[in-house]
Amino acid sequence: MVAAACLLPVSVPAQQSLEKGWIGVSRTIFGNPADRRRRALKPDKEVELRDEFWQSPPALRLRVESTDPEAVVVIRFSPKDKKAGSLVLTLIVVSRERLLDFNYQQESQALEGGSMVVHRRFRVREGIATDLAGQPGEVEEIRIQDDATAELRLLLRDGELLLRLIPVDDGGNASGNVLPIYYGGQLRFLDYTLLGAGWTDNGYGEMVLFEDFALMGNILADGGNSVLLLRGVVRQQVVRWHRVSITVEGGAAFFTLTPADASVENAEEPTVVGGATLHFRSGDWGGAAHASTVNGPILMMLFGSWQITNSFGGLVEYQSFEGFTGFGVGLSLLF
60 MVAAACLLPV
70 SVPAQQSLEK
80 GWIGVSRTIF
90 GNPADRRRRA
100 LKPDKEVELR
110 DEFWQSPPAL
120 RLRVESTDPE
130 AVVVIRFSPK
140 DKKAGSLVLT
150 LIVVSRERLL
160 DFNYQQESQA
170 LEGGSMVVHR
180 RFRVREGIAT
190 DLAGQPGEVE
200 EIRIQDDATA
210 ELRLLLRDGE
220 LLLRLIPVDD
230 GGNASGNVLP
240 IYYGGQLRFL
250 DYTLLGAGWT
260 DNGYGEMVLF
270 EDFALMGNIL
280 ADGGNSVLLL
290 RGVVRQQVVR
300 WHRVSITVEG
310 GAAFFTLTPA
320 DASVENAEEP
330 TVVGGATLHF
340 RSGDWGGAAH
350 ASTVNGPILM
360 MLFGSWQITN
370 SFGGLVEYQS
380 FEGFTGFGVG
390 LSLLF
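Going left to right, the sequence shown walks through residues 60 to 394 as our numbering numbers them.
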């Protein structure tokens, strides 16, 4: 049994008008197949599965592939019309299982050699496949329950139906009427634990601890004048789209001016800071815009980034605080 709200069964009419031996294929995430347009699946022509009800010519076997070998697929059979010997095959597809709390308490099934067999193969890398006819009956309909985190594609070739999963992380175009799983995942303009950037007139450094706590330092100079800002904040992601997220932060701050200026609010004394950051990320490229208030004075920062490897990244930055501005370049490290 799969415990997830996005995979709750959807009521589907018992009768679907299909030609003898043909197979209907649909995704339950889009609701009742009876309300959808019917489309014929042509052999050797791959299609993307969305809200259509696909009608496939007779096929002997179904196989699942994925660009992520750790994707999870559970197969279950149920009678559709006992007198006619027709079956419904339900595929439970979890392309990002590591991000959800799923518990598989029942074995998966398959038709092999004309008989129903039970097994505990869930990962695509273990080989997910089944015949579509055997002693229990013949599959007339395939219903796919998925978590809306991958692009699903279907191909009929040489009597075999091939279902391909392409997760969002691998370039897939996810679709469905539930919030995709990336809404809960962390998105940053760059993946890092340590970050440093600067130029002759400015510098910026950041260390991330325990994912949600960060220590940051900004320094800007103009001739003999300079400002140093230190911050320690807790930050949280408050909203996430596919390639964009917003984080908010709050904590303690301290900044000094050289030469000292008593007219500047909160200078030279501990104070509080609060702000927000808009992150953008598309593959290895990203950017961010940050604004925060140090209990009065405003800090503005802009970033552009390139994730060079899993551990190292490059960036350009612009910062502005208390009348000082500066551009810089830098590197990041993830460990």
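Idealized CB from N, CA, C, for every residue including glycine.
Hey, would you say residue i sits closer than 9 Å to residue j, going by beta carbons?
i       : j       : result
Leu-119 : Ile-201 : no
Ala-188 : Val-123 : yes
Val-292 : Met-275 : yes
Gly-193 : Met-175 : yes
Glu-308 : Arg-223 : no
Gly-372 : Tyr-263 : no
Leu-401 : Glu-129 : Nothing in the structure corresponds to residue 401, since the chain is present only between 60 and 394.
Ser-364 : Arg-290 : no
Pro-138 : Trp-81  : no
Ala-347 : Leu-358 : no
Ala-169 : Asp-140 : no
Val-353 : Ala-312 : yes
Val-375 : Ala-256 : yes
Leu-215 : Pro-102 : yes
Arg-302 : Asp-271 : no
Grab the span of the beta strand (DSSP E) containing residue i for me, first residue to last.
i       : result
Ile-357 : 357-366
Ala-350 : 344-352
Ala-207 : Element bounds for Ala-207: n/a, residue is neither H nor E.
Ala-273 : 272-281
Phe-136 : 131-140
Asp-127 : Counting along the chain, Asp-127 falls outside any beta strand (DSSP E), and DSSP gives it neither H nor E.
Trp-113 : 112-115
Val-177 : 174-178
Pro-226 : 219-226
Gly-264 : 261-268
Val-153 : 145-153
Glu-171 : 167-171
So if DSSP puts residue i in a beta bridge, which residue, or which two residues, is it bridged to?
i       : result
Ile-88  : Bridge partners of Ile-88: none, in fact.
Glu-308 : Arg-294, Gly-334
Gly-389 : Ala-256, Leu-374
Asn-284 : Asp-281
Gly-193 : Gly-196
Arg-216 : Glu-219
Arg-98  : Trp-113
Ser-379 : Met-359, Thr-384
Gly-83  : Gln-114, Glu-200
Ser-234 : DSSP, once it has assigned bridges, lists no residue as partnering Ser-234.
Glu-105 : DSSP, once it has assigned bridges, lists no residue as partnering Glu-105.
Ala-188 : Arg-122
Note down, in chain order, each residue of its chain lying with its Cβ closer than 7 Å to the Cβ of residue i, except the 5 sequence neighbours on either side.
i       : result
Glu-78  : none
Leu-392 : Tyr-251, Thr-252, Leu-253, Ser-370, Phe-371
Ser-145 : Lys-139, Gly-196, Glu-197, Glu-199
Asn-232 : Glu-210
Gly-173 : Gly-193, Gln-194
Gly-382 : none
Asp-343 : Trp-365, Gln-366
If contacts are defined as beta-carbon pairs under 8 Å, then residue i and residue j qualify, I think. What distance do you get, rounded to the angstrom?
i       : j       : result
Asn-397 : Phe-380 : The displayed coordinates of the chain run from 60 to 394. Any statement about residue 397 would go beyond what the structure contains.
Arg-340 : Leu-246 : 6 Å
Val-183 : Val-132 : 6 Å
Ser-234 : Arg-95  : Contact doesn't hold; Cβ gap of about 14 Å is too wide.
Leu-287 : Thr-315 : 5 Å
Leu-249 : Gln-366 : 6 Å
Ala-319 : Glu-328 : No, Ala-319 and Glu-328 are not in contact; Cβ-Cβ is about 12 Å, not under 8 Å.
Starting from the C-beta of residue i, find all residues in its chain whose C-beta is less than 8 Å away, skip the five residues before and the five after it, and write them out in chain order.
i       : result
Glu-166 : Val-177, His-178, Arg-179
Trp-258 : Gly-385, Phe-386, Gly-387, Val-388
Glu-219 : Ala-118, Leu-119, Arg-120, Leu-121, Arg-122
Gln-296 : Gln-245, Leu-246, Ser-304, Ile-305, Thr-306
Glu-111 : Ser-85, Arg-95, Arg-96, Arg-97, Arg-98
Phe-89  : Arg-95, Arg-109, Asp-110, Gly-235, Asn-236
Pro-72  : Only weak support is given to the placement of Pro-72: the predicted model assigns it a pLDDT of 40, under 50, and the question is left unresolved by the model.
Quick one: residues in its chain with C-beta nearer than 6 Å to the C-beta of residue i, no 5 flanking neighbours on either side, listed in chain order?
i       : result
Asp-260 : Ala-280, Gly-385
Val-298 : Ile-305
Leu-67  : Because the pLDDT of Leu-67 is 36, which lies under 50, any placement of that residue in the model is unreliable, and the number read from its coordinates should be weighed accordingly. No residues qualify anywhere along the chain.
Thr-317 : Ser-285
Trp-113 : Val-84, Arg-98, Leu-100
Thr-126 : Ile-225, Asp-229
Glu-324 : Gly-355
Gly-334 : Glu-308, Ala-350, Ser-351
Phe-394 : Thr-252
Would the C-beta of residue i count as close to the ligand SAH, meaning under 8 Å from any of its heavy atoms?
i       : result
Asn-354 : For the ligand SAH, the structure offers nothing, since it holds no ligand at all.
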